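A quick write-up on the structure given underneath.
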Amino acid sequence: MFTLLAFSQEKNECDEHSIPYWANGINSRISGENPTLRNVFKEIQLTETNITPNSGFITLRLNISKTGKLCDIEIFQIDENYQKTEFNNGALIQQLERTVTELPDWERDKAYKTYNLIRFKIKNGKIEEIF
């Protein structure tokens with residue numbers, strides 16, 4: 044008895060390996076760069092004033108296809124002691140993810156799948172810095 048296995052050779056552009064946005068002259072970016080990103084998250088920054096735990100960092104790793112489309116988001120959350128945490132029991136991340144999915148396509152100088160990082164510094168229950 045023989046088992047026949049078939050594997051599809053089709054690949055989605057999101058299945059490719061991601062490289063850093065700054066590598067090899069790719070220069071993946073959102074139009075307007077950091078000021079645009081800060082403005083996009085401004086409403087969350089102004090309304091979320093009692094975040095718990097009240098200090099730490101959130102990093103969003105956005106995997107961007109070679110055509111500038113968002114493939115997926117990886118999320119890293121740590122408190123002020125660099126321990127894994129979940130801010131506002133996950134509600135803050137849901138807001139951030141919704142906002143990220145509404146961003147326009149990313150620009151690039153070369154067609155490679157990249158990842159871009161957006162970081163949020165939380166201090167005294169507020170988003171103090173977006174970088």
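Sequential numbering of the sequence shown, starting at 44, is according to the numbering used here.
Where a beta carbon is used, it is the ideal one built from N, C-alpha and C, also for glycine.
Note that the structure is a prediction, hence the values are computed from the model and not measured.
Notebook entry, point to check: Which word fits E91, buried or exposed, when buried means at least 16 other C-beta atoms lie within 10 angstroms of its C-beta?
Noted result: Reading the sequence shown from its first residue, position 48 is the one you call residue 91. Buried, since its Cβ has 16 or more Cβ neighbours within 10 Å.
Notebook entry, point to check: Does the distance from the C-beta atom of I94 to that of N131 stay below 7 angstroms?
Noted result: On the sequence shown, residue 94 is found 51 positions in, with the first residue counted as 1. On the sequence shown, residue 131 is found 88 positions in, with the first residue counted as 1. Yes; because the gap between Cβ atoms is below 7 angstroms, this pair is in contact.
Notebook entry, point to check: Are the CB atoms of T142 and Y64 nearer to each other than 7 angstroms?
Noted result: In the sequence shown, counting from the first residue as 1, residue 142 sits at position 99. In the sequence shown, counting from the first residue as 1, residue 64 sits at position 21. T142 places its beta carbon 7 angstroms or farther from that of Y64.
Next item on the list: Compute the distance between the beta-carbons of T102 and R162, then report whether it is under 7 angstroms.
Entry: Looking up residue 102 in the sequence shown gives position 59. Looking up residue 162 in the sequence shown gives position 119. Yes.
Notebook entry, point to check: The beta strand (DSSP E) spanning E117 covers which residue range?
Noted result: Counted from its first residue, the sequence shown places residue 117 at position 74. From DSSP, the beta strand (DSSP E) with E117 extends over L113 to D122.
Item checked: Whether E170 touches R81 by CB criterion (7 angstroms) -> Locating residue 170 in the sequence shown gives position 127, counting from the first residue. Locating residue 81 in the sequence shown gives position 38, counting from the first residue. Going by the sequence as given, residue 170 is Ile instead of Glu. It is not a contact, given that the beta carbons lie outside the stated cut-off.
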